[in-house]
Amino acid sequence: MTALIVALDFASCRDALTVVDKIGEAVGVYKVGPELMFGDGVALIKELKRRGKSVFLDAKLHDIPNTVEKAVARAALLGVDFLTVHSAGSEILRAAVRGRGKSRLKLLAVSVLTHVGASELLLEHGMAVSVSKLARLRTTLADTLGFDGAVLSANELPLIKPHVSGDFAMVTPGIRFPGDAPGDQKRIATPASAASAGATYIVVGRPITRAEDPAKSANLFNVAIIGDNQ
Ligand code: C5P
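At position 141 of the sequence shown the residue is numbered 125 (my numbering), and the sequence of numbers has no breaks.
Encoded structure:
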């Protein structure tokens, strides 16, 4: 079963809500990222919740355990449904789980950012490890310590899925139809191939939010993943 999350990469709450209104019932989960968080992101999150939408706050937290714990607790208080935290060691992951407490907030791990390659890991981080091995290690650690899912590119899904719990959510960005502009995405997959590779959620931004008819575009993505839901 795969569902669609739409990434609202906008500078203002007003621009984001204009698109949310155009999309209407076709989408139930919206991702809010740093561009909005440094503007009126909190107002947008409250407004999305008021409209009955689920909110994925893509904060990609990476800090000392105490700071991560407090930030996660604030996000939970705000009513955020999904929050990203870097899988940067067990202390940080445990702090995030403490911060979530008894709230319904789902914690998603970021393993290795998709622009990072093996040569950067070796030459800039001193890590002689393949990207896929590191992604697997960081994702399985997050699963073991109580995270609910991870953000993974479609090509990592088959490598990692067999090693995590059955209910661990796989959230996959970099999704395009063959004719769509890739933008800055390097490793892209179609909605159907991500769904059949086991994505729990696909994350789509510009192909929907910048479309002439965002509701129509969202529905095309919904139809493409429905084939796999039946
Ligand atoms: O517009 P587009 O479909 O490329 O948007 C994808 C969204 O997913 C963006 O908000 C981007 O920040 C996010 N994302 C990503 N790749 C990752 C993690 C998050 O594209 N590895």
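Think of the CB as a built atom: it goes at the ideal place given N, C-alpha and C, for glycine as much as any other residue. Owing to the predicted nature of the structure, the values given are computational and were not obtained by experimental measurement.
What are the partner residues of Leu41, as DSSP defines its beta bridges? Val16 and Leu67, per the DSSP bridge assignment.
State the Cα-Cα distance for the pair Ser71 and Thr184, rounded to the nearest angstrom. Going by the C-alpha atoms only, they are around 19 Å apart.
Closest Cα partner of Asn284 within the set Val96, Ala80 and Leu106: Here the chain covers residues -15 to 214 and nothing more, so residue 284 does not appear.
Under 8 Å: does the beta carbon of Pro142 sit that close to some heavy atom of the ligand C5P? No.
Distance, Thr98 Cα to Ile186 Cα: 15 Å
Thinking C-alpha only, which one of Val148, Lys170, Ala102 and Asp151 is nearest Pro157? Lys170
Pick out the complete beta strand (DSSP E) segments inside the stretch 82 to 114, 3 residues or longer, and give them in chain order. Counting only runs of 3 or more, we get 90 to 94.
What's the gap between the Cα of Ser215 and the Cα of Val26? This structure leaves residue 215 out entirely; the chain is present only between -15 and 214.
Proximal residues to Gln214 (C-beta, below 8 Å), its chain only, five neighbours per side dropped: Since pLDDT at Gln214 reaches only 49, below the 50 mark, its modelled position is unreliable, and no value is offered.
By DSSP, does Gln214 sit in helix, in strand, or in coil? In this prediction, Gln214 scores a pLDDT of 49, lower than 50, which makes its location untrustworthy; no coordinate-derived value is stated.
Quick check: does the Cβ of Lys6 come within less than 8 Å of any heavy atom belonging to the ligand C5P? Within 8 Å of the C-beta of Lys6 there is not a single heavy atom belonging to the ligand C5P.
Run of the alpha helix (DSSP H) containing Val3, from where it starts to where it stops: Cys(-3) to Ile7
Looking only at C-alpha atoms, which of Leu28, Phe131 and Pro49 sits nearest to Val148? Phe131
Count the other C-beta atoms from every protein chain shown that fall within 10 angstroms of the C-beta of Ile7, then say buried if there are 16 or more, exposed otherwise. Burial check for Ile7: the Cβ neighbour count within 10 Å reaches 16 or more, so the residue is buried.
Straight-line Cα distance separating Asp5 from Val16: 16 Å
By how many angstroms is the C-alpha of Arg122 removed from the C-alpha of Val115? When rounded, the distance between both Cα atoms is 11 Å.
Thr184 beta carbon near the ligand C5P (any heavy atom closer than 8 Å): no
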